[in-house]
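Engineer: Residue numbering for the sequence shown follows full-length UniProt numbering, beginning at 1 and increasing consecutively.
For glycine and all other residues, C-beta sits at the position ideal for the given N, C-alpha and C.
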Amino acid sequence: MRPALLRLLKRPSALSVLDSLISLPVGVDQLDLGRTPRCTRCLSEDTQSPGTRPHSKSQLASAEERPSPSPKPAFRFRVHDIRAPQRQATTDTDDPDISIQDGTVLRLGCLGLQPEKLEYESDIGHADDIGTRLVDDPAHRNDIKLWEELLRYRQRHYGDKGTLEIWEGLTVRVDGVQLPVDGEAADFFWQSFVDVSFKRDVIMNEIANYALGLWYKRGKRWDKLYEAVVGGYIERGMTQQAVEWHKKLQHPHLACPNDIIRVLQPCIDAQQRTQAPGLVQPKRAASSLRVFRTICRLSRGHQIYVPIMSELLRGGHVEEVLRMHKFLTKQEDHPPTFSDLEPLLESTKAHGLWEIYRELHGYATERFPNEIEKPDGSDSAAQAELKGNVSHEEKPIRDELGARIFATEALNFQMILSGLRMFHVSAIGPQSLREMALRAHGSQDILNKLRELDQAGISIGDSVFARLLRKLATENRDIVLSDLLHSDEHPDALEDERVQESLLLSYYLSQDRRPYNMTLAILGEVSKDGPDLFNIHFRKHLAANEWSSASKVVDEMTLRGETINKESIDFMINTVLTPRRPGAGPVQGSNRSEVAEVSFMFRILQRIIPLGATVGPELWIELLKRFGMTGSWDELQTCCVWLARHYSPTLKQANTPLEIISLPTTPQPAHAGLIHRQGSALLETIFSKQMQSAIVDWGFQMRVSAKRDDYNPRGIDGETLVPWVRGLILLRELEQNGVRLWTSWISKACRHRLAVCFGRPRQSSRHMNRMLRRETPYSAERVVENITRVWGEPSLFGGQENLDFYRLINPPSSKMSLRRTGRTLWREGSLRGRAFVSSR
1 MRPALLRLLK RPSALSVLDS LISLPVGVDQ LDLGRTPRCT RCLSEDTQSP GTRPHSKSQL
61 ASAEERPSPS PKPAFRFRVH DIRAPQRQAT TDTDDPDISI QDGTVLRLGC LGLQPEKLEY
121 ESDIGHADDI GTRLVDDPAH RNDIKLWEEL LRYRQRHYGD KGTLEIWEGL TVRVDGVQLP
181 VDGEAADFFW QSFVDVSFKR DVIMNEIANY ALGLWYKRGK RWDKLYEAVV GGYIERGMTQ
241 QAVEWHKKLQ HPHLACPNDI IRVLQPCIDA QQRTQAPGLV QPKRAASSLR VFRTICRLSR
301 GHQIYVPIMS ELLRGGHVEE VLRMHKFLTK QEDHPPTFSD LEPLLESTKA HGLWEIYREL
361 HGYATERFPN EIEKPDGSDS AAQAELKGNV SHEEKPIRDE LGARIFATEA LNFQMILSGL
421 RMFHVSAIGP QSLREMALRA HGSQDILNKL RELDQAGISI GDSVFARLLR KLATENRDIV
481 LSDLLHSDEH PDALEDERVQ ESLLLSYYLS QDRRPYNMTL AILGEVSKDG PDLFNIHFRK
541 HLAANEWSSA SKVVDEMTLR GETINKESID FMINTVLTPR RPGAGPVQGS NRSEVAEVSF
601 MFRILQRIIP LGATVGPELW IELLKRFGMT GSWDELQTCC VWLARHYSPT LKQANTPLEI
661 ISLPTTPQPA HAGLIHRQGS ALLETIFSKQ MQSAIVDWGF QMRVSAKRDD YNPRGIDGET
721 LVPWVRGLIL LRELEQNGVR LWTSWISKAC RHRLAVCFGR PRQSSRHMNR MLRRETPYSA
781 ERVVENITRV WGEPSLFGGQ ENLDFYRLIN PPSSKMSLRR TGRTLWREGS LRGRAFVSSR
C-alpha cells in the first residue's frame, strides 16, 4: 500500500492539494497538534467520552518505544506540526473544561476538531435560542480568544455575511462585550468590521457609535480607526464620504490636528491610481489630494508642512508640490525653522526643479530673511544656472523650428531633450508640443515627457493648447486628446473664444459629437470661470431655437447664484425678439408667437435681475409695448407689477413668488440709498407719461359682449365694472408700489378713448376703434361712472362729468387728428370694401 500511496502523492493533482493546504493560514478547524503528539482519533474519543481520562506520559512513552513488527526499517514521512494559538478561555480558573446548560463538557482547544460544533457556536447573528451558545455564558462573554475563533471561522466560510453575523452577536445578542484596543487582536477585530461596513453605511455608524461609547466608558480607543475609515473611503474613490467621516471621527479619534497626516499616503496612492490609463473616470481624476486639502481646511492648527512636502517630492508628484505649498502657507502652516525647509530646497535643486526651487527660495527669503546665506563661490554655479534659466525665458526656440525637430523620426525624445539643454532652450511653443505628443504612446507617456521637460527647466508655456493637453492626458480622455492632436486648427485659433463658440454651434446643429466635445473642452479651458461656459451654452441653445434648454441653463445658474452676462442678454434680444417698425407690431409670418417671444424674455429677466444683472429701461419699455400691442393684458399686468415691486424705493416685498432665492448680492445698508435712487429713476423712465397713457389705451382695447357683465377685478362683493377700466386699476396698483402717476396725461387718455367710442361720429383708420364703437354694449354714462369709482377722489376729470358731460366725451381735436381723419375719409371714398379695411 505504501508504494501505491507514494505514486498517488506524486501526481500533480495531489501535489497541488497538499501545497494549498500548507499555504493556508492556521485555523481553528485544523488539527491542534502543537500541545500533544496524540493522534486525532484519540482526541476525538476524549471529546465524545468526557469520562475517559487521557493517556499518561508513561503510556505514550511505552507506545513510542514499542518495537516495529517489520524486520526492515520503517519508512517515515516528514511530519510538520500545525501549531495553532492556544484557545483557552480567559477565566479566573485554569480548568480546561467548560460547563454548558445541557451538561455537556467541552474543551475550548478541541473546538477546531468538531467543525459542526464550531458552526453551531458561531451562529450568533440572531436573537434566537439565547443561552445555548458559549458566548451566552457570562463566564465566557468577554473571552476575546473565543470571539476571535468564531470570527475567523465565519469569515473563512461566509465572507462579509459571516463578519456581519459576528458583529450582530457582539452588539445585539450579547451585551457589554468590549473589544480590545491594542495589539494584533484589536487590529483584526476593528479592521474586519470596518472593511465590511464600507458597503453598508448603517454598520459604519454603529461602529462609530460603539467606539464613541467605548471612549466614554473606558477612556480608550483604537487609534487606527480614523485612518481605517477615512483612508478607506479615499482609497475607494468615495471622496465625499471621506470628508463627512472626517468631521464625525475628528473627535475623539484625532489626538491633535497633525494626525491628519495619516491619510496622506492613501491620498497619494489613490492619486497614482487615478493617473494610470484606463482605470478611472475623468470626474475622479486628481480628486484625492483635493480631498486632503479639504480635510486640512477643516482641521485648524495643523503644522504638517515638512512631512507633506517631503512625501510629495519623494513620490515624484512635482505638479502638486507648488499647489500644496501655496495652500499650506495660506492655512498658516509653515515650516518651524529654516533647517526644516533647507532639505526641500536642496532636493528641488538637485533634481533640477527650478520653478519649484525659485518659489521655495523666494518663500524662504521672505520667511527667514536672517538665515538665508548669501551665495558664495561654491554655490555660484547653481546661482548662475538659476539666473540662466530666468534670462533664457526671453529666448525660446522658434515654434516652427521646434515642431520640425520633434517631427523628425530619426531623433527620439531623449536626443531632442539633450539638444535643447545644450542650446539652453527655456521654452517650446504649442506646435512643438503637438508634434511631441503625436509621437507619444498614450496619455501616461505624454505626462512623463512633460515631467521630463519640467525637470529640465523647459517651459511649455501657458497657452490654451498646453493647458488642455496636460488636462486631457491627466484625465485619460484619450478620444478628445486624439481629436485635439489630429485637428487641423492652428493652436493660436484655440485662444479665440468667438471662433470656438461659432464652431461649437455649427457642430451642435450638425450633431457632430466628436468635434463638439473637443470644442467644448477647448472652451472650458479658455473660459476658466463657470459662468462663461454657462453663457456659451445659453447662447448655443438660443441660436438653435431651444428655448426650454436655454431656460434650464439659466435656472441652474440661478441656483448657483450666478447670472448671464451682458453679451448673452444682447444676444437674446437680437435672437428672440422679431424686429418691428416704430408704431407697428412685430413682423408677421414667423414660426414663433409674438406673445411667446416676449413672455420668454420676461421669464429670463425675472431670474437674472435679482441676481445683479442690469438691463436698460429701453428693454423694459419695449417689452411692455409688445405686451400691449399683442393684447396680452395678463402678461402686461404681471410685468408692470413685478417691475414696480422690484425697483420700488419704498416697498420691498419679502418672499414673493418671483424672488424666492436668498441672494448673496443683497445691497448693504450703506448703499441702500443709492440703490433706491437708481430704482426710482428707472421707474420714472419706464412708466413715463406716454407709457401711462398707453396703459389706459390698452385697457380699452378689448372686445366686450353684452352677455358678460361680471368684471370684478378688485374682489368687492356686488361690484360690477366695465372691463375697460382695467388700465386705471393697474395704474392705481402701481401707485401703491411707488410709481408716480401723471394725472393730467391719464385724464387726457381717458377722454380720448371716450371720444373714440362715444364722441362725435368720425371715421377712424384703425379696425379696433371702429369695431369698439360699433359693438359697444355700454353707455357713456356708465363708463364714466365706473372710471370715477375706480379712480376715487379727487375726480380724474375735475368734476367735469357733472358740469359738461358732452364736452367731456368730445375733447377738442388737434390738427394732426383732423388731418388723419381727412385722410381716412379720402381713403374710404377712393378705396372700397376690403381694400380700405386693409389700408390702415
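How long is the line joining the alpha carbons of R498 and P617, rounded to whole angstroms?
Structural biologist: If you take the alpha carbons of R498 and P617, they lie about 28 Å apart.
Engineer: Which of the three DSSP states is assigned to R580 in this structure?
Structural biologist: Strand at R580.
Engineer: Measuring CA to CA, which of L611, E546, A521 and V576 is closest to N565?
Structural biologist: Among L611, E546, A521 and V576, the Cα nearest to that of N565 is on L611.
Engineer: Compute the Euclidean distance between the alpha carbons of I608 and T558, then round it to the nearest angstrom.
Structural biologist: Distance between the alpha carbons of I608 and T558 is about 7 Å.
Engineer: Is L353 helix, strand or coil by DSSP?
Structural biologist: Reduced to three states, the DSSP call for L353 is coil.
Engineer: Please look up how many angstroms separate the CB atoms of W547 and F600, rounded, as I've assumed it's under 8 Å.
Structural biologist: So it is a contact: roughly 6 Å between Cβ atoms.
Engineer: Assuming K247 contacts L298 (C-beta within less than 8 Å), just tell me the rounded distance between them.
Structural biologist: Right, their Cβ atoms sit about 7 Å apart.
Engineer: Are there 16 or more other CB atoms within 10 angstroms of the CB of R823, so buried, or fewer, so exposed?
Structural biologist: Exposed, because fewer than 16 other Cβ atoms sit within 10 Å of the Cβ of R823.
Engineer: Touching or not, the region 533 to 553 and the region 469 to 482, by the rule of three or more beta carbon pairs under 8 Å?
Structural biologist: Counting Cβ pairs under 8 Å, fewer than three are found: no touch.
Engineer: Give the DSSP bridge partners of S459, in chain order.
Structural biologist: DSSP lists A427 as partners of S459.
Engineer: Runs of 3 residues minimum, wholly inside the region 476 to 507: which ones carry the beta strand (DSSP E) assignment?
Structural biologist: Entirely contained in the region 476 to 507, not one beta strand (DSSP E) run reaches 3 residues.
Engineer: Kindly indicate the opening and closing residues of the alpha helix (DSSP H) around C256.
Structural biologist: Note, C256: premise wrong, no alpha helix (DSSP H); not H, not E.
Engineer: Taking only three categories from DSSP, how would you classify P617?
Structural biologist: Helix, per DSSP.
Engineer: Going by beta-carbon coordinates alone, are residue 848 and A407 separated by less than 8 Å?
Structural biologist: The structure shown has nothing for residue 848, since the chain only spans 1 to 840.
Engineer: Hey, could you find the ends of the alpha helix (DSSP H) I295 is sitting in?
Structural biologist: Looking at the DSSP string, the run of the alpha helix (DSSP H) that includes I295 is S288 to L298.
Engineer: Under 8 Å, do R397 and V464 count as touching if we go by C-beta distance?
Structural biologist: According to the sequence displayed, residue 397 carries Ile and not Arg. No. Outside cutoff.
Engineer: Can you check DSSP and say which residues form a bridge with P252?
Structural biologist: Answer is none; P252 lacks a bridge partner.
Engineer: Is P343 helix, strand or coil when you go by DSSP?
Structural biologist: Looking at P343 - three-state DSSP - the assignment turns out to be helix.
Engineer: Would the region 254 to 268 count as touching the region 200 to 209 if we require 3 or more Cβ pairs under 8 Å?
Structural biologist: Segments in contact, no.
Engineer: Can you name the start and end residues of the alpha helix (DSSP H) that L417 belongs to?
Structural biologist: Counting along the chain, the alpha helix (DSSP H) containing L417 begins and ends at F413 to M422.
Engineer: Examine the ligand SAM and report whether any of its heavy atoms sits within less than 7 Å of the Cβ of G219.
Structural biologist: This structure simply doesn't include the ligand SAM, nor any ligand for that matter.
Engineer: In the DSSP assignment, what are the bridge partners of P586?
Structural biologist: Per DSSP, R580.
Engineer: In the DSSP assignment, find the unbroken alpha helix (DSSP H) run with F188 in it and report its ends.
Structural biologist: Start and end: G183 to S197.
Engineer: Taking just the CA atoms, how far does G362 sit from S347?
Structural biologist: Between S347 and G362, the C-alpha separation is close to 16 Å.
Engineer: Using the beta-carbon count (16 or more within 10 Å), is T239 buried or exposed?
Structural biologist: T239 is buried by the Cβ-count criterion.
Engineer: Figure out for me which residue from L577, D182, W642 and K540 has the closest Cα to the Cα of E622.
Structural biologist: Among L577, D182, W642 and K540, the Cα nearest to that of E622 is on L577.
Engineer: If we ignore side chains and look at the alpha-carbon of each, how far apart do A749 and S693 end up?
Structural biologist: Approximately 5 Å, taken between the alpha carbons.
Engineer: Report yes if the C-beta distance between W167 and F198 is below 8 Å; otherwise report no.
Structural biologist: It is not a contact, given that the beta carbons lie outside the stated cut-off.
Engineer: Measuring CB to CB, does R173 end up less than 8 Å from A127?
Structural biologist: Yes, the pair counts as a contact, with Cβ atoms nearer than the cut-off.
Engineer: Is the distance from the Cβ of W746 to the Cβ of V704 below 8 Å?
Structural biologist: Contrary to the premise, residue 746 reads as Ile rather than Trp in this sequence. No, the Cβ-Cβ distance between I746 and V704 is not below 8 Å.
Engineer: Leaving out the 5 sequence neighbours to the left and right, which residues in its chain are closer than 7 Å to M702 when beta-carbon positions are compared?
Structural biologist: For M702, where only same-chain residues beyond five positions count, the Cβ hits under 7 Å are P723 and W724.
Engineer: With a threshold of 16 other CB atoms inside 10 Å of the CB of S459, please say whether the residue is buried or exposed.
Structural biologist: Buried is the call here.
Engineer: If Q431 and P491 are in contact, beta carbons under 8 Å, what's the gap, nearest whole angstrom?
Structural biologist: That pair is a contact at about 6 Å.
Engineer: Could you check what DSSP says for N545 in three-state terms: helix, strand or coil?
Structural biologist: Note: N545 maps to coil in three-state DSSP.
Engineer: Which same chain residues, not among the five before or five after I130, have their C-beta less than 8 Å away from its C-beta?
Structural biologist: If we look at I130 and ignore the five residues flanking it on each side, its Cβ neighbours are D136 and R173.
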